[in-house]
Amino acid sequence: DVTIGILALQGAFAEHQVMFQKVNARRRVVIVLVRTPEDLGRCDALVIPGGESTTIALLARLAGLLEPLAQFLKSKPVWGTCAGAILLSAEVENAKKGGQEVLGGVSVKIARNGWGSQVESFEAPLEVEGLRESNRPFHGIFIRAPVVLDVMPALTDAPIQVISRISSSLLPASVGPLDEDDTDPRDPRTIVALRQGKHLLTTFHPELTKDYRFHEYFVVECVLPTMAASAATA
Ligand code: GLN
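Counting with the UniProt record's numbering, you get residues 9 to 242 for the letters of the sequence shown.
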């Protein structure tokens with residue numbers, strides 16, 4: 009079995025659960041809704057859902073989960089979607105004082121609600137590297153999404169691997185010009201999905217679609233290889 013935990017304090021955890029039930033990974037996928045350190049202890053990997061990152065962090069602190077979560081991501085894969093991506097980032101711009109704790113784990117700097125208030129939510133077709141049937145675009149749903157501002161020198165020895173960028177022509181005007189010509193396709197602000205070693209970060213919400221390829225990707229590309237590697241060294 010592969011036991012996937014979904015942090016179930018606030019936000020879109022039930023939607024993730026439905027998606028993982030559809031994944032066929034040749035191993036039975038068992039879902040644990042994580043609300044306590046004991047729940048977390050049963051998991052091979054964790055998803056931190058979208059929602060409100062300050063609320064999730066506050067509830068995690070009240071549940072005594074902050075320290076166990078920080079320990080967990082040192083050895084086990086974590087996937088953060090939207091608010092979860094904020095919590096996985098090493099640094100958050102405009103973090104509310106005292107209200108925003110991050111777990112870190114992925115060496116990026118991110119901005120909350122980075123698309124600005126005029127374009128709080130939008131949808132865009134995404135090309136994602138490594139996804140099954142990768143010529144079929146993934147429907148990206150962005151809801152008050154964070155924006156990656158910077159990819160920082162790795163905090164771990166695992167390099168950052170960008171797996172999806174939004175076309176710069178689809179960026180809302182409120183994001184501002186990317187560079188002087190407004191055409192730089194390598195600008196970090198176009199990054200919407202990335203990996204760092206076993207961890208996965210998406211600024212949008214794959215769990216709000218009916219397309220479970222991202223959930224399959226996490227299990228097959230991030231979780232199973234990590235489990236195999238730790239079994240080999242155990
Ligand atoms: N804007 C939210 C935050 O800052 C994230 C939104 C989401 O998860 N859809 O936490």
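Think of the CB as a built atom: it goes at the ideal place given N, C-alpha and C, for glycine as much as any other residue.
Euclidean distance between Cα positions of residue i and residue j
i: Leu17; j: Asp165; result: 31 Å
i: Leu15; j: Asp195; result: 31 Å
i: Glu131; j: Phe80; result: 32 Å
i: Glu215; j: Glu23; result: 6 Å
i: Ala240; j: Arg50; result: 20 Å
i: Glu135; j: Pro45; result: 36 Å
i: His213; j: Cys90; result: 7 Å
i: Ile151; j: Ala237; result: 35 Å
i: Leu70; j: Thr63; result: 11 Å
Limits of the unbroken alpha helix (DSSP H) element including residue i
i: Gln18; result: No alpha helix (DSSP H) contains Gln18, which DSSP labels as neither H nor E.
i: Arg203; result: Counting along the chain, Arg203 falls outside any alpha helix (DSSP H), though it belongs to the beta strand (DSSP E) covering 199–204.
i: Glu131; result: First-last for Glu131: 129–134, but that is the beta strand (DSSP E), not the alpha helix (DSSP H).
i: Phe146; result: From DSSP, Phe146 is part of no alpha helix (DSSP H) but of the beta strand (DSSP E) over 146–151.
i: Asp47; result: 45–49
Span of the beta strand (DSSP E), counted from its first residue to its last, around residue i
i: Pro76; result: Pro76 -> not in any beta strand (DSSP E); alpha helix (DSSP H) instead, spanning 74–83.
i: Arg173; result: 168–173
i: His213; result: Looking at the DSSP string, His213 is not in any beta strand (DSSP E), and its letter there is neither H nor E.
i: Gly88; result: 86–89
i: Ala98; result: 97–101
i: Ala119; result: 114–119
Residues near residue i by beta carbon distance below 7 Å, same chain, minus five either side
i: Val114; result: Leu96, Ser97, Ala98, Gln204, His207, Leu209
i: Phe21; result: Ile14, Leu15, Leu41, Pro57
Nonlocal neighbours in the same chain, by C-beta distance under 8 Å from residue i, ignoring five residues either side
i: Leu232; result: Val10, Ala33, Arg35
i: Asp219; result: Phe146, His147
i: Val31; result: Val37, Tyr220, His223, Glu224, Val227
Neighbourhood of residue i by C-beta, 6 Å cutoff - its chain only, sequence neighbours within 5 removed
i: Val156; result: Val116, Ile118, Pro196, Ile199
i: Glu137; result: Ile171
Distance cut-off 8 Å: residue i Cβ against heavy atoms of ligand 2
i: Gly72; result: Absence of ligand 2 is noted for the structure shown, with ligand 1 being the only ligands found.
Given 8 Å as the limit, is there contact between the stretch 92–101 and the stretch 36–53, that is, 3 or more CB pairs closer than that?
Of all C-beta pairs linking the stretch 92–101 to the stretch 36–53, fewer than three are shorter than 8 Å, placing the two stretches out of contact.
Around ligand 1, which residues pass a check of Cβ closer than 6 Å to any of its heavy atoms?
Output, sorted by chain position: Gly58, Gly59, Glu60, Ser61, Cys90, Ala91, Ile94, Arg120, Asn121, Ile151, Arg152.
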